[in-house]
Amino acid sequence: MKKYIVLLFVSTLIVACESSEELDTQKPEINILTPTEHQEIELGQTIEFVAHVSDNVALASYKLEIHRADDGHQHRSESVPWHFEIVENLSGNTAEITHQIPVADTVLEGHYHIGLFVIDQSGNQNQQFVEVYVGEEDHQH
Amino acid sequence: MCALLSYSVIHAQISVQGKITNSSGDPIYKAHIDLGELFTTTDQQGYFLIQIDTPHTYPIRIQKEGFMSLETQIVVSRDTIVSYMLWEYQEELEEIIVQSPPKKADNRQSLSQEDLHRNYGGSLAASLAQIAGLEAMAIGSQNAKPSMRGLGFNRLAVVENGFKQEGQQWGADHGLEMDALQTEKVEVIKGTGTIAYGSDAIAGVLQINNEGIPSLGTHGMGLMNFQSNNQSVATSFHLTHRVSEHFFKWKASYVDYADFIVPTQEIVYLNTRIPLQKGWMTNTAGKEANAFFQWGYLKDNFKSILTWSLFDSESGFFAGAHGIPSIENTQSDDNRRDIALPLQTAKHFKFTYHALWDKIHTVWDFRTAYQRNHRQEKSVFHTHYPNMVAPIKNPDVELDFLLQTWDTQLAHQYDWNFSHQTRWGIQYQYQDNSVDGYSYLLPKYHRTNVALFTMHQWDISDKNKLEWGIRADYFHLSIFCFFDGFLYEYLYEKGYEENQRMAYAQRSQSVDKSYFRANYSLGYSFYPSSKWRHNITIASHFRMPNAMELSANGLHHGAFRHEQGNPNLKVESGWAWDWNTSFENTQWKLNASAYLYYFSNYIFLKPSGQFSILPHGGQVYQYDQSKAWITGVEWDISYTWNQWRFQTVWEFLYNQQLGEIANYPLPFSTPINAQAQIAFIIGDDIFFKKNEITFHIKKAWAQHRIAPNELPTSGYTIFDLQWNSHLSIGNVQPYCQVGIQNLFNTQYFLHNSFYRALEIPAWGRSITFLLKIPF
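Chains L and V supply the protein sequences, listed in that same order.
Under this note's numbering, the very last position in the first sequence is 141; numbers go up by exactly one each time.
Under this note's numbering, the very last position in the second sequence is 1775; numbers go up by exactly one each time.
Structure representation (structure tokens):
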């Protein structure tokens, strides 16, 4: 009886050692350089977005999006909440993602989330968020 | 001539006559006598007569309610006169005997309430985690979901008093709604369970029995537990009262806990450094209240038990990592006990009725139940759609699920003779799920299940037992569609094409499907001696795809994962093979299992590589199916030497999905882990009796075998220390236990914890105290 347990145990270990070579479960790495957390961006200015991304095998694509972060407490005004979104393909192990994103004068002031989502060729996904304030000064809503 | 001879042989009958009396020599009327294949009952003077055809050695069994059964053998060569005496049940014995189920040919282990209290870990799943092959998937401070051999959620059936606990289909962020302090008995069945319980019993079954019959008179128990880490205070009591034919049971528990503390000053979640003030996990406090009432009626061979139970809990979500990292939300408000938004509530109400008519040779078993599982996730109203406003009623309810289940079961068991027993039954279940809240995740649905099953048990000899079963299931599922008008408008304003707008705004499509399944099982037990027991089971299993898997279309709350259901999914099914060997003598105790599970269509989430167009939506994941297998071994060995007890538990698990492109491991793979325990029993003192000091080591190896988009986890070793004793104060013998968990305040991650993905470590050091006063 013990013999079989040992046998099964050993075979389990062998199988365990065999595989997991070609399997890519490592997520891409993301490092957003600018803007920085809580940076203030005035209306009419441009967001300089710079991020380094890398992957152990190969990058596939990214999505950059900007959404309002104020929990939906809508201020009824002429201004409109601002959305920005772009999806692009990537290749190779490393890439630098840069975008100059203009902020229109009509944008509703407040906290915004800038999110960068990256996927590699095996479908591993990573994401990073930076919260910025769009407007004159950091006043609470 | 030949016919005449055989005629005379048949009629050369031998009579076996006898008298049955009680311990004072009075005759027992209507005692049941089994002699080989024949049976009869005694008359008013306690006499019986059985005619048999052939001289032989026959097994004889005498049964009567209120008496201990007697089983022996008699040699019958000519007319025989016998007399037997039956012993009356002792009250304290009765409780044990009534509850002990017949030995089954499967891999099963039992735990009493004492075992659960000794290993109390804040939740039932955590209290069971010391059993080889079981793991608690921790969710926050004091909630956990059980998992067996890496299979949890709807792949492990949790059954209370014969009814499957529902609500596990709601996802990873809530625990099992069960009172851990007042659970009477748990049986862990590995590798089989489909024949009796149907869908979801893939890994096995956690069978909870809260229908124990109390002893005569009034008894009770008060319990108090304290855990320093999350300042958890639990109080619990039960009271039982039994007079002649009636018994009553009352139970209540209340648990209140504060934010828990992790041994770190900072966590890194999604590349954002989140500082933790003194390691406090802000807003992870919670509370739980339980109530239970039972009324039982016992008369001769009839038993009727009515049970009403309620579980009500509320717990906060760690706001710093609820979706997008937020440093502001981790700022402590200096009140560790308050529960602020975001939070969740879970309510479980259950009403069950069980009637058992236990005639000799034939048992009728009827059960009916209603359970109501209500869960809410509350969060300050937020939306990405400018045209959506907060609802007037319950503006903070983000998600609301109300699952109501009606179950009715009838089973009949027949003992053919000494060695054959057949059980058959019919089960009916109706389920209704309704949803609410300003967000949408799980669709509204109805589900009907009708099942027929039969099981047969054959005691081949004293040493061999065979059991087989077959079950047929019919399911009908109706999922209601849902169209998100706000999302449609939002996508319209953003300039998306009509086909894309429609594809995303249709949050669930209507599905109307019927399924039919047949399942089989075979178990064989071999007892070479009273010390050894071997058991092999081979059983098919299945799981109905849930509404999420069939019809969902949208962002999975907080996970940036756009999940897409697939209405063409087949029933998840496969086979399980389980081998168990156990040995027990006065010094050694061994329990070892090896298993292999095979899935012909395991349901999983497949990353598509395409981004969702929804705000905060990462990649789209589609529900898909593939072959998969799981294998492993686990063992538990203990050795007692004088005042010492040594115990070691090991668990190895390997699994693989057999995909089209790559063979990834399955999600939630339990890492290789081991536990060692050294206990020392100190001699009795005047005041402290049965003192025991236990040193416990738990080690888990690193887990690098992960499913796509899981995180690898490093190994860890943690140490616990515990002292327990029965105090002697007059007639009262309170039980007391003091322990230190995570002695060295080690920082480690639990691979299958809900907080793993958020990079939040497990609890730091905690001092625990438990006091139990029986009265």
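We put the CB at the ideal spot given by N, CA and C, even for glycine.
This one's a predicted model, so the numbers in the text were calculated from it and none came from an experiment.
By the beta-carbon neighbour count (other beta carbons within 10 angstroms, threshold 16), Ile1672/V is buried. Legend: CB atoms of the region 1617-1646 of chain V lying less than 9 Å from CB atoms of chain L belong to residues Gly1617, Gly1618, Gln1619, Tyr1621, Thr1631, Gly1632, Val1633, Trp1635. The C-alpha of Ser1573/V is placed about 10 Å away from the C-alpha of Lys1627/V. When C-alpha distances from Gln1130/V are compared across Ala1674/V, Gly1739/V, Gln1625/V, Ile1426/V, the shortest belongs to Ala1674/V. The continuous alpha helix (DSSP H) containing Ser1127/V extends over residues 1124-1127. When Cβ-Cβ separations below 8 Å define contact, Asn1499/V makes no contact with chain L. Chain L places no beta carbon closer than 8 Å to that of Lys1104/V, leaving this residue out of the contacts. Counting along the chain, Leu1491/V sits inside the alpha helix (DSSP H) bounded by residues 1485-1493. Asn1119/V: not part of any alpha helix (DSSP H); DSSP gives it neither H nor E. As the crow flies, the alpha-carbon of Asn1107/V is around 52 Å from that of Arg1501/V. Less than 8 Å separates the beta-carbon of Glu1398/V from that of Tyr1438/V.
In the structure shown, Met1502/V falls within a helical segment according to DSSP collapsed to helix, strand and coil. Across the region 1540-1568 of chain V, CB contacts with chain L closer than 7 Å involve Phe1560, in sequence order along the chain. CA-CA distance, Phe84/L to Leu1151/V, rounds to 41 Å. Counting only Cβ-Cβ distances below 7 Å, Ser91/L has no contacts in chain V at all, with the closest Cβ about 13 Å away.
Note: Asp1462/V is not bridge-paired with any residue in the DSSP secondary-structure output. At a cut-off of 3 residues, the continuous stretches assigned as beta strand (DSSP E) that sit fully inside the region 35-111 of chain L are 46-54, 59-68, 84-89, 94-102.
Taking 8 Å as the Cβ-Cβ cut-off, the region 1249-1279 of chain V approaches chain L at Leu1270, Asn1271, Thr1272, given in chain order. Here Phe1611/V is buried: its Cβ has 16 or more other Cβ atoms, across all protein chains shown, within 10 Å.
Contact between Pro1667/V and Ala1702/V does not hold, since the beta-carbon distance rounds to 17 Å and is not under 8 Å. With a 10 Å radius around the Cβ and a threshold of 16 neighbouring Cβ atoms, Ser1530/V comes out exposed. Counting along the chain, the unbroken alpha helix (DSSP H) around Ile1195/V starts and ends at 1194-1197. Excluding its 5 nearest sequence neighbours in each direction, Phe1483/V has C-beta neighbours in its own chain below 8 Å: Ala1505, Gln1506, Arg1507, listed in chain order. Looking only at Ile97/L, Gly135/L, Ser91/L, the smallest Cα-Cα distance to Val103/L is reached by Gly135/L.
Non-local beta-carbon contacts of Gln1457/V in its own chain, meaning distances under 6 Å to residues more than five positions away in sequence, involve Gln1421, Glu1467 in chain order. Short of 7 Å from the beta carbon of Leu1711/V, and not among the five residues preceding or following it, lie these beta carbons of its own chain, in chain order: Arg1756, Ala1757. Listed along the chain, the chain V residues whose CB falls inside 7 Å of the CB of Gly44/L amount to none; the nearest CB is some 22 Å away.
Close to Tyr1664/V, with beta-carbon spacing below 8 Å, are these residues of chain L in chain order: Leu23, Thr25. Taking 8 Å as the CB threshold, Val87/L lines the interface with chain V. Ser1141/V carries a coil assignment under DSSP once its states are collapsed to helix, strand and coil. An exposed status is given to Thr46/L, since fewer than 16 other beta-carbon atoms sit within 10 Å of its beta-carbon.
Sequence-distant partners of Arg1061/V (beyond 5 residues in either direction) whose C-beta falls short of 6 Å from its own C-beta, in its chain, are Asp1034, Glu1071. When the Cα atoms are used, Asn1731/V and Phe1646/V turn out to be separated by approximately 32 Å. Here the C-alpha atom of Glu1184/V lies approximately 8 Å from the C-alpha atom of Ile1208/V. The three-state reading of DSSP puts Phe1583/V in strand, counting E and B together. Rounded to whole angstroms, the gap between the alpha carbons of Leu1306/V and Ala1559/V is 42 Å.
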